[in-house]
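In what follows, a structure is listed as structure tokens, so that the remarks can point back to it.
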Amino acid sequence: MVLHQLFKRLLYAIPTLWIMVSLIFLLSRVLPGAFGEQQLLMADESFYGKGSAQQRTAAYEQLLNRTNQQLPLFYISIAPILPSATADYSYLLPDFEWHGSQNQYHLWASQLLKGSLGVSFASNRAVADSILEAAGNTIWILLASMVAAIALALVLSISMVQHNRTHWRRFILSFLIVLDSLPLFVLSLLLLLLLANPDALQIFPAFGLSYGESAGLTGFQKIAYDLPYFILPILTLVLAEIPYLTNQLYNALNTSLQSDYIRTARAKGLSERTIILKHALRNALLPVITVLSDLLPVLVAGTIIIETIFAIPGVGRLLVSSVLARDFPVIVGIVVVIALVKMLSHILADVLYTIADPRIKHKAA
Amino acid sequence: MRNRYLFLISFFLFFSFCSQPHRQPDEVRVRLETEPQTLNPVNYTDQAANQILNLLFQSLLSADLADDQLKPVLAKELPLIEQKDTVTLITYEIREEAKWADGSPVTATDVAFTLKVLKAPLLQNEQIKPQVAFIHDLKPDPKNKRRFTLICEEFTPEMELLSGDFFILPAYLFDPENLLQPIPLAAFTNSLSKLQNNNNLKAFAARFNIPEYSNNGAVLQGSAGYTLEKWVPGQYITLNQKQNWWGNNTGATNLTANPERIILQVIPDNNTALLALKNRQLDVLEDIPATEFNQLKTNKDFIEDYNLYTPQAYSAVYTGINSRLPKFKDKATRQAIAYLMDVANFIKVTQLDYATPTVGIVPPNLKKYYNNKLQPYTLNPTKATNLLKSSGWVQRNDGWYRKENGKEQKLTITVSYKAGDNVIESTALIFQQSAAKLNIPVQLQAEEGSMFTKNMRNQAFELFFRTLNGNPFAFNFSPLLHTSYAEMGGTNYTGFGNTDTDALLNNINKATTTDEKAIHLKELQRVMLDEATFLVLYYQKERLAIHNRFDNVKVSGLSPNYDVSAFTLSK
Amino acid sequence: MRKLLQDITYLWQYKWSFKLALTYLGVLLLAILALPFLPFSFGPNELHLSKVYLKPFSDATHLFGTDQLGRDVLVNSLYGARNGLFLAIPVMLIASFFGTGIGVIAGYFGNNTFQVRLKSLLWFILTLAVVSYYVVYLPIQLNELDQPVKHIYTSWAVGIAISAILWFILRMAAYWWPLLQKPILIPLDGSILRVIELITSLPKLLVLIAVAAFAPPSVVLLSAIFVFTYWTGTARLARAEMLRIRQLPYLEAAISTGMPTHRILFKEAVPNLLTPVIVAFVFGIGGLLTIESTLSFLGIGLPADFPSWGRTISGIRSNLSAWWLVTFPGGFLAITVLALQICSYHIVRLNQFKA
């Protein structure tokens with residue numbers, strides 16, 4: 179039943195995904211400027227020119243041609259209005275132009291149908307390779323932090339709903355709220371200054387994934403060598419994630435603890451622990467599924483702040499640098515992959531909803 | 085109880101990581117702020133790639149950072165330049181010792197091959213291509229296969245530099261099937277459209293336009309002293325010294341490959357880089373924020389291990405006023421604005437005095453060309469007020485007004501600058517405050533990089549602050565200041581100039597002796613100061629730290645500010 | 290609304306922490322409203338170039354110290370509070386309003402209940418195309434070409450006229466062609482979910498840069514982008530809650546008795562949604578306050594002469610030892626968020642207690 183539903187939803191998702199991906203492609207080209215424009219046409223101010231303006235324009239046109247950026251964007255376009263068109267109000271009539279299959283969207287989409295995200299303008303590498311590599315660098319950090327954060331949030335919220343621990347609850351809640359109010363970049367800078375600073379505590383290396391010394395090592399040795407580099411970013415992410423997670427879990431637990439069947443369970447004389455773990459938790463997990471389905475895409479998308487401060491080359495940084503360079507295949511590739519993961523995680527969340535709460539006869543399917 | 089043990093164990097695990105990674109003494113670790121986009125020697129785009137490629141490949145000439153002079157590298161000596169009618173002939177001879185990685189000699193054939201790769205259509209070479217467009221042909225010396233003459237179009241002063249400023253590629257490695265050999269170099273200047281269908285060129289393009297030519301150490305092997313060991317994207321790039329490299333036997337002090345291993349570590353954030361430096365995880369760090377630099381100076385622990393340097397750089401901060409706008413058309417208004425530039429405080433607050441004020445575009449440390457008879461503008465609201473009044477502006481309660489084409493216009497200034505640059509932003513804020521004292525409203529407009537340059541090109545700005553990269557050996561200010569570059573889309577954004585200044589700029593380029601050049605350059609500085617359209621405010625000093633186990637670091641104001649290949653271990 | 294007021298009075302009387310938090314928020318609100326009239330000796334953008342990086346309590350006029358340009362940290366913290374809340378509260382209110390509305394509609398109607406006639410659907414689609422051309426695209430083009438304003442008005446008028454004519458034509462056509470009267474099932478829930486997915490899958494940075502290309506950084510623009518991206522969170526939460534509430538026996542009973550839809554929604558469903566929405570609202574305010582400073586860190590979004598906590602905090606980037614640049618605005622930020630959280634916490638608890 180569940181499998182059937184999952185399959186059905188996936189099938190339904192394909193056309194919407196395609197529309198979404200197409201929109202993303204078209205929207206990305208709204209960004210002003212083109213790849214190479216800045217370097218070729220607007221070189222840094224200097225004491226002498228490197229090549230005449232004419233030569234630079236020629237080179238820029240060659241680049242546009244090579245990367246197909248000179249082609250029209252879509253099959254059809256509206257010709258831009260001319261200033262003269264206002265004289266006779268002819269601008270009120272849209273002037274459609276048909277371009278045939280020689281357009282950027284067609285070329286990109288046919289490539290995508292063949293399973294390729296294209297080639298980066300800047301590094302000339304396949305976009306899929308770049309994304310995989312970048313995601314591979316951060317996915318373990320994010321996964322570890324997420325697992326740790328969820329576990330911690332569960333422990334915290336269970337410990338908070340127990341009746342006899344009012345002071346503990348107050349303390350934890352205020353602590354979490356204060357934590358939550360710190361912007362991520364301040365938090366990471368603070369941790370960095372506290373734990374990787376010769377003037378304070380120098381426990382961890384300050385940056386990067388490793389210095390390349392572990393290249394010759396294998397297996398466990400390599401992990402042991404690289405582990406210290408992971409701890410600070412993981413710690414930062416855990417601290418950043420627990421306030422929201424704990425709050426959601428705690429509220430959900432609280433609500434379900436006041437529902438009728440829990441009262442029945444209490445009346446039956448079950449211990450508080452059994453009630454929370456066996457009955458309340460299951461219901462409390464409902465809103466958590468929504469939260470989790472939000473977190474899942476972050477695994478791929480990465481977090482720009484963490485990646486910048488700890489010098490970890492993840493997808494976030496790749497996106498920023500390609501947006502700044504107008505490396506369109508990479509921009510679109512990343513957004514498409516993120517959209518895909520998001521859609522999948524939403525579907526997963528919906529299916530999990532039905533499993534977790536059989537009362538919902540799911541109509542969205 | 086159980087929890088407590090767990091906690092203790094994890095605590096000890098935590099601290100077992102304390103040990104610092106073991107460091108080799110003659111390995112240098114350098115920070116890269118941004119990773120190179122590509123290491124393709126004919127299509128690189130950034131400073132980082134240039135620095136790395138200089139360790140893998142060599143050009144004919146290059147600046148020696150020890151004394152900021154242009155010196156021969158692959159060339160035996162500086163080229164012989166002859167001007168004949170409409171062409172310039174530049175003759176080079178390559179060093180006899182020069183060898184590729186496989187031991188074969190570097191010859192004129194390699195230079196011709198390189199020029200073909202740079203000029204060919206279909207290839208990924210757009211970035212460097214415009215730089216060598218002025219070279220039309222190469223004539224090899226029939227008697228000496230290391231000697232050749234470049235045939236170039238009419239003379240400009242930067243030709244000497246540019247004719248030697250591209251990386252020479254090994255023909256044996258990049259084109260083993262000699263695909264480009266049958267096509268003469270002159271064909272790449274004239275008949276480009278014919279070439280696009282040339283099968284040999286197509287085959288070469290298929291071979292060359294692959295990622296290996298921009299990131300693989302097995303392919304990127306030049307005549308310089310290092311090989312690319314590994315590039316882990318986003319993390320680090322390692323280079324290894326070549327065994328028995330030919331450059332060690334020449335006796336030239338600018339041909340060096342001293343450190344055994346060079347690691348270039350990508351760290352985007354400044355604070356993180358600074359911490360890494362304090363942790364002794366980096367050997368070299370440039371661009372240290374001024375406040376931090378002052379703190380490092382007083383940090384005894386740090387000074388024990390590192391030397392700090394502040395070389396006078398060739399990069400300047402300047403302001404440009406759009407002289408095409410009616411409100412900035414007259415000189416007096418522009419001069420009034422110049423008197424509102426609080427340069428002393430710009431330098432004090434944003435650079436903590438690590439900068440030198442300048443009267444013009446020539447760096448003050450080039451004493452020969454710098455016009456020391458002039459005085460730069462300083463903050464002077466009284467003079468500014470008088471100048472505004474003299475040019476017809478009338479002061480009212482809410483600002484300054486003047487009739488422009490029959491319409492009354494208020495004096496307002498919009499300051500544009502590239503977003504994300506702290507120094508420029510602070511500069512703009514200080515200017516805003518000085519202008520506010522005269523009741524001139526200043527609006528700040530931070531623009532995203534590509535937006536900013538686009539607005540410059542379209543002349544859609546009022547006043548901007550930006551940086552200018554200079555050098556001590558080639559001056560050709562025409563692209564910035566000549567009126568032939570002032571049309572829409574040209575590089576003379578401010579609209580500076582008239583026939584007199586155009587003649588002056590041409591004279592600078594034509595000058596044959598340094599004395600003659602100095603006279604014209606000094607006159608240019610005077611005119612520019614008087615016009616106040618293109619105002620260079622100050623030349624910066626670099627701030628860098630290098631570990632003191634290294635000698636011969638060749639710190640310089642020229643980028644990359646040090647020559648990592650020259651580093652030797654001090655005794 | 291009256292219920293909420295009752296709750297607040299009750300909590301005010303019996304919970305000291307609520308009282309404290311509310312007092313703080315009230316004082317803060319008064320302070321930031323009265324801020325332009327308070328007798329500070331200098332404004333938030335006033336530079337004191339001879340007094341940069343002044344340590345706190347070392348100078349009588351700059352109690353909390355100064356930043357890299359000699360701007361007073363105390364004044365900037367206060368103006369930062371003003372600007373931060375002036376940005377966050379309206380944004381979050383609008384975003385929550387739209388989010389809740391859209392989420393409730395999606396959750397209530399699902400995919401199988403919402404129907405419109407074919408003629409209305411056709412009209413909607415055609416009008417959308419007409420409006421986006423004549424009311425949005427054409428005026429932008431005309432504006433870029435510096436054409437007289439009358440052309441823009443003409444374009445608007447034409448757009449509206451065409452939509453009106455279309456409506457009449459479709460109405461008339463429906464008499465002759467009964468097919469147009471046929472009701473069409475709209476999968477509301479599915480469509481709304483897809484739109485949410487589209488919006489959340491666009492990286493905010495991309496949106497910010499794309500918009501920054503057309504207009505310089507400004508507060509209104511930033512708020513608009515925030516509203517555009519923030520309503521989705523509330524909407525998904527509200528939809529999930531609505532799905533749950535819809536299955537509850539009392540709502541099913543209300544539906545079966547033939548109660549009008551709007552009454553069911555406003556009287557029965559929405560009050561039950563309020564708790565999670567308030568939680569999301571408060572977290573959203575905190576989140577907005579912090580994201581604004583994060584944007585300053587990345588150097589995009591807000592103009593340089595807009596005093597904000599983020600601007601002051603980011604001063605630490607050029608001087609790591611200037612702890613007061615983080616402590617005071619950061620502390621302010623934390624306390625404000627804390628007060629907001631306490632209030633929402635008590636309201637949530639009270640509602641749970643009653644339920």
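Protein chains in written order, with the working numbering: chain B, 179 to 543; chain U, 85 to 655; chain A, 290 to 644.
Cβ atoms here follow ideal geometry from the backbone N, Cα and C, with glycine treated the same way.
This structure is a prediction, so every number in the text was calculated from the model and none was measured.
Name, please, each residue of chain D whose Cβ falls closer than 7 Å to the Cβ of alanine 237 of chain B.
Judged by its chain identifiers, the structure shown contains no chain D, and its protein chains are B, U and A.
Using DSSP bridges, identify the partner residues of glycine 404 of chain U.
U:Phe548, U:Phe618
Applying a beta-carbon distance threshold of less than 9 Å, which residues of chain U neighbour leucine 609 of chain A?
Asn355, Leu358, Leu359, Pro373, Thr375, Glu376, Gln379
Do you know offhand how far serine 654 of chain U's Cα is from glutamate 388 of chain U's?
14 Å
Please report whether the beta-carbon of tyrosine 390 of chain U lies at a distance below 8 Å from any beta-carbon of chain A.
no
Check whether the segment 570-586 of chain A touches the segment 369-388 of chain A, taking contact to mean three or more Cβ pairs, one atom from each stretch, closer than 8 Å.
yes
So, with DSSP's three-state summary, where would you put threonine 662 of chain A?
Nothing in the structure corresponds to residue 662 of chain A, since chain A is present only between 290 and 644.
Helix, strand or coil for aspartate 249 of chain U, going by three-state DSSP, please let me know.
coil
Measure the CB-CB distance between asparagine 338 of chain U and lysine 155 of chain U and report whether it falls below 8 Å.
yes
Min CB distance aspartate 358 of chain B to chain A below 8 Å:
yes
Classification of histidine 182 of chain B by the beta-carbon crowding that lies within 10 angstroms, buried from 16 upward:
exposed
Check distances from the C-beta atoms of the segment 544-568 of chain U to those of chain B and list, in chain order, the residues that come in under 8 Å.
Arg550, Thr551, Leu552, Asn553, Gly554, Asn555, Ala558, Phe559, Asn560, Phe561, Ser562, Pro563, Leu564
Using the Cα positions of leucine 360 of chain B and glutamine 529 of chain U, report the straight-line distance between them to the nearest angstrom.
29 Å
Give a yes or no on whether the C-beta atoms belonging to leucine 145 of chain U and glycine 248 of chain U are separated by under 8 Å.
yes
Just verifying my parser: in three-state terms, what is the DSSP assignment at glutamate 492 of chain U?
strand
So, with DSSP's three-state summary, where would you put glycine 483 of chain U?
strand
Determine the direct distance from the alpha carbon of methionine 338 of chain B to that of glutamine 121 of chain U, and round the result to whole angstroms.
50 Å
Residues near phenylalanine 141 of chain U by beta carbon distance below 6 Å, same chain, minus five either side:
Pro125, Phe251, Gly306, Ala308
Report, in whole angstroms, the separation of the C-beta atoms of alanine 326 of chain B and valine 180 of chain B, which I expect to be a contact under 8 Å.
That pair is no contact at about 29 Å.
Name the chain B residues that come within less than 7 Å of methionine 572 of chain U, Cβ to Cβ?
Result: empty, since nearest Cβ-Cβ is about 12 Å, beyond 7 Å.
If you check the beta carbons only, do isoleucine 405 of chain U and valine 114 of chain U fall under 8 Å apart?
no
Where the beta strand (DSSP E) through serine 255 of chain B begins and ends
254-256
Kindly indicate which residue of B:Asn425, B:Pro383, B:Gln426 has the alpha-carbon position closest to the one of proline 406 of chain B.
B:Pro383
Could you work out which residues of chain B lie near valine 559 of chain A, taking near to mean beta carbons separated by less than 8 Å?
Those do not exist, as valine 559 of chain A stays about 17 Å from chain B at its closest Cβ, beyond 8 Å.
By the three-class DSSP mapping on this structure, what secondary structure does asparagine 645 of chain U have?
coil
How far does the alpha helix (DSSP H) with threonine 416 of chain A in it extend, from its first residue to its last?
407-420
Cβ shell of asparagine 432 of chain A (< 8 Å), same chain only, five flanking positions each side left out
Ile441
Collapsed DSSP secondary structure at histidine 631 of chain U in the structure displayed:
strand
Option in U:Ala204, U:Ala132, U:Leu619, U:Leu613 with minimal Cα separation from phenylalanine 292 of chain U
U:Ala204
Taking glutamine 233 of chain B as the query, report the chain U residues whose CB atoms sit under 8 Å from its CB, ordered along the chain.
Lys213, Pro214, Ala217
Anything in chain A within Cβ reach of lysine 520 of chain B, meaning under 8 Å, just list it in chain order.
Glu486, Thr489, Ser490
Taking proline 205 of chain U as the query, report the chain B residues whose CB atoms sit under 8 Å from its CB, ordered along the chain.
Gln240
Just to confirm my understanding: we take proline 657 of chain U, look at its own chain, exclude 5 residues before and 5 after, and list those with CB closer than 6 Å. What are they?
Because chain U here runs from 85 to 655, residue 657 of chain U falls outside it and cannot be looked at.
Let me confirm a value: serine 335 of chain B is counted as buried when at least 16 other C-beta atoms fall within 10 Å, else exposed. Which label applies?
buried
Ignore the nearest five residues each way along the sequence and tell me which others in glutamine 543 of chain U's own chain have a CB closer than 8 Å to its CB.
Asn406, Arg408, Met572, Tyr577, Gly579
When you compare the CB of threonine 579 of chain A with every CB in chain B, is at least one pair closer than 8 Å?
yes
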